[in-house]
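Undergrad: Taking the numbering used here, I'd label the letters of the sequence shown as residues 79 to 594.
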Amino acid sequence: MNNVVGNTLPDEKRFFDTEHLKADIKGHSIRGAAVTVTAQGIKFILLTGSTAVLARLLTPADFGLIAMVEFFTAFIIMFKDLGLSMATIQKKDITHEQITSLFWINVVFSILLMFMTIAISPLVARFYNEPRLTMITIATGCTLIIGGLNPQHMALLNRQMRFVSIAVINIVSLTCGIVAAIIGALLGLSYWSLILMTIVQGLVCVIMVWSISGWRPGRPAVGKGVKSMLTFGGNLTGSSVLGYFIRNADNAIIGYALGSASLGIYTKAYGLLMLPIRQFNSPMQRIMIPTLSRLQDEPKQYRSFYLQALAAIALITMPMVTFLFVSANEIVDILLGSEWTAVAPTFRFLAPAAFLGAINFAPGWLFVSLGRVGTQFRWTILSAPVIIIGFLIGVNWGINGVAASVSITWSVMFVLAVYWATQQSPVKFYDFIQVLSVPVASSLLAAIGSFLAGRIVLQYNSIIRLAVYSIVFVICYFACVIATPKGRRLIKSMINAISKLRKKNSSYNNNQINQV
């Protein structure tokens, strides 16, 4: 029987239908979170290990050449997907014809971006006065076509909440890319080994995702209902592009006004503070959007699941950031050394923004899963100039002035974004405030207790002080959490979820392995 565009065959419904997931939506999401966080940890270890190995096989100049190109291509790559994979994940009902249309749009746009990157290659080389960058930029551009072949297949796996399959694909493809880079470096390919890593990782990912997904696109055609999905993707891409400028405006302003040394201190403080948060936020984004999208027509379940997830993540990440604020001097001294002491004050000035940044996904989950990305884009347009003006004012007081402006402007705009996102939503602004009351209050009280205890051991070295801070903070935090009925209910629900996860894990993994 032939695969005809626009006529979804009965056996193809498994690619698009999601009704079967609702019977155990919470179980799927919890197990998916466990799998995704574990995979994130494995990827972190692989990347850290490969960096250590390749750093001994290649020169700093090799990495620098690739970084020069990435500075230009990072912006172009943002347009590769056009937000269409998220449109596939979010939409309640989709057809084979629609996904086929989106697939070919992704492919065509990837080809256009490839030619665009090739076209700017001489300009990149001229900008840095480095002739080798021409071929590096061309090679990087050619990898874009590989990336255009898998967004819709990966989106279908996400839509079906097949998180084990996704984890296997990501880890295996990354491992293959790393092995290829190491072999290339040993063979003397120098910076080309890093390009080889990208190519091999992309090719393995495409082969695996096509094989595991099982879905095959039809002939190029424009399906009904594609226009709304293109609008969704366009608004999402617009928000991402503006977000890119917002995230990098502080670096550009500091680099221009204060120089590379100040920028080095600022970026090190920012990166160190955000590192643990990113290990949670990125995996949870991949879990929550498909889960909440499946519940968009069931407001009670949507609200309950959203608030439970928000509370659980805040319970972990908010105290983490608070502890980093309290022990900033000790952490900087231990991890970076005494010559980086200037990082600690900047680290602390950025902490309030990071405190809310631990849950910066909150409005985005609502906007995207409910299909309100147009509202999200309009909000980003309004907030961008406010935040950037804050950076321009703050730079008059140096890097700490910029850091303080980040915390002030971003925090205010975040609260307003949450208020806007909760309008016409199953989740109300009051719900949001109420759920966060326990982790916020407990974190602040634990910080006070840890700070007071730390005064006693000021004469000791950083390791001992950090140990004291850690012990006192953990004890105070959990004592504050369990002292409240809300906190006890939250801890109990998390324990129950983990218990159910362990009971179902064996049978679930067997089913997922069969799908892989």
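Note that the Cβ used here is the ideal one computed from N, Cα and C, for glycine as well.
#1: Distance check for F323 and T215, CA to CA, integer angstroms please.
#2: With a cut-off of 8 Å, do at least 3 Cβ pairs link the stretch 457–468 to the stretch 384–395?
#3: Do S360 and M156 have their C-beta atoms closer together than 8 Å?
#4: Pick out whichever of S163, A420 and I256 has its Cα sitting closest to the Cα of K121.
#5: Might you give, ordered along the chain, the residues of its own chain that have their beta carbon closer than 8 Å to the beta carbon of V480, omitting 5 neighbours on each side?
#6: Would you kindly work out how many angstroms separate the C-alpha atoms of F94 and L314, rounded to a whole number?
#7: Compute the Euclidean distance between the alpha carbons of D171 and T178, then round it to the nearest angstrom.
#8: Compare the C-alpha of G262 against each of G312, L320 and L132 and name the closest.
#9: Compute the distance between the beta-carbons of S521 and M396, then report whether it is under 8 Å.
#10: Where do the ends of the alpha helix (DSSP H) carrying V480 lie?
#11: On the three-state DSSP scale, how would you describe I437?
#12: Using the C-alpha atoms, what's the distance from R533 back to T400?
#13: CB-CB under 6 Å to P517, same chain, minus the five flanking residues each way: which ones, in chain order?
#14: By Cβ distance, which residues of its chain are closer than 7 Å to L125, with the 5 residues on each side in sequence left out?
#15: Could you check the C-alpha separation between V278 and I466 for me, to the nearest Å?
#16: Thinking L222 and M192 are a contact (beta carbons under 8 Å), I'd like their distance in whole angstroms, please.
#17: For S271, I'd like the list of residues in its chain whose CB is within less than 6 Å of its CB, leaving aside the five on either flank, ordered along the chain.
#18: Relative to the C-alpha of S251, which residue among G225, W293 and W498 is closest?
#19: Excluding the 5 residues preceding and the 5 following K564 in the sequence, name in chain order all residues of the same chain whose CB lies nearer than 6 Å to its CB.
#20: Let's see if you can read the secondary structure: which residues bound the alpha helix (DSSP H) around Q230?
#21: Going by beta carbon distance, what residues of the same chain come within less than 7 Å of R210, once the five residues before and after it are set aside?
#22: Helix, strand or coil, according to DSSP, for Y625 in the structure here?
#23: Quick one, are the C-beta atoms of I103 and R372 less than 8 Å apart?
#24: Could you tell me how far apart the beta carbons of A440 and L402 are, in whole angstroms, since I believe they sit closer than 8 Å?
#25: To which residues of the same chain is A422 closer than 7 Å at the C-beta, ignoring the five residues directly before and after it?
#26: Thinking C-alpha only, which one of V202, G337, F425 and F492 is nearest F150?
#27: Looking only at C-alpha atoms, which of C558, F425, P200 and H106 sits nearest to A482?
#28: For the 8 Å Cβ check, are there 3 or more pairs between the stretch 542–553 and the stretch 497–504?
#29: Three-state secondary structure (DSSP) at N329?
TA: By the coordinates alone:
#1: The alpha-carbon atoms of T215 and F323 are separated by roughly 22 Å.
#2: Touching, no.
#3: Not in contact: S360 and M156 (Cβ atoms no closer than 8 Å).
#4: Residue I256 is the option with its Cα nearest to K121.
#5: Only residues of its own chain outside the window of five on either side were considered, and among them D328, I331, I332, Y344, F469, G472 and V473 have a CB closer than 8 Å to the CB of V480, listed in chain order.
#6: Distance between F94 and L314, taken at the CA atoms: about 22 Å.
#7: Distance between the alpha carbons of D171 and T178: 14 Å.
#8: With distances taken between CA atoms, G262 lies nearest to L132 out of G312, L320 and L132.
#9: Note that the C-beta distance between S521 and M396 is below 8 Å.
#10: First-last of the alpha helix (DSSP H) with V480: G476 to A499.
#11: Looking at I437 - three-state DSSP - the assignment turns out to be coil, as it is neither helix nor strand.
#12: Inter-residue distance for T400 and R533 is about 17 Å (C-alpha atoms, whole angstroms).
#13: Residues A392, L393 and M396 of the same chain have their beta carbon placed closer than 6 Å to that of P517, with the five preceding and five following residues left out of the count.
#14: Excluding sequence positions up to five before and after L125, its CB lies less than 7 Å from no other CB in the same chain.
#15: Here the alpha carbon of V278 sits roughly 39 Å from the alpha carbon of I466.
#16: At roughly 5 Å, the Cβ-Cβ gap stays under 8 Å, so L222 and M192 are in contact.
#17: For S271, same chain residues with a beta-carbon under 6 Å away, outside a window of 5 residues either side, are A259, G262 and A263 in chain order.
#18: Taking each of G225, W293 and W498 in turn and checking the Cα distance to S251, the smallest one comes out for G225.
#19: Taking C-beta separations shorter than 6 Å and ignoring five residues to either side along the sequence, the partners of K564 in its chain run V516, following chain order.
#20: Note, Q230: alpha helix (DSSP H), P229 to R237.
#21: Within the same chain, and ignoring the five residues on either side of R210 in sequence, the residues whose Cβ sits closer than 7 Å to its Cβ are L143.
#22: Since the first residue shown for the chain is 79 and the last is 594, residue 625 is missing from the structure and cannot be characterised.
#23: Yes, these two residues count as a Cβ contact at 8 Å.
#24: Actually they do not touch by this definition, with Cβ atoms about 20 Å apart.
#25: These residues qualify, in order along the chain: A406, N407 and V410.
#26: Ranking V202, G337, F425 and F492 by Cα distance to F150 puts V202 first.
#27: Residue F425 is the option with its Cα nearest to A482.
#28: Judged by Cβ distances under 8 Å, the stretch 542–553 makes no contact with the stretch 497–504, as fewer than three pairs qualify.
#29: Looking at N329 - three-state DSSP - the assignment turns out to be helix.
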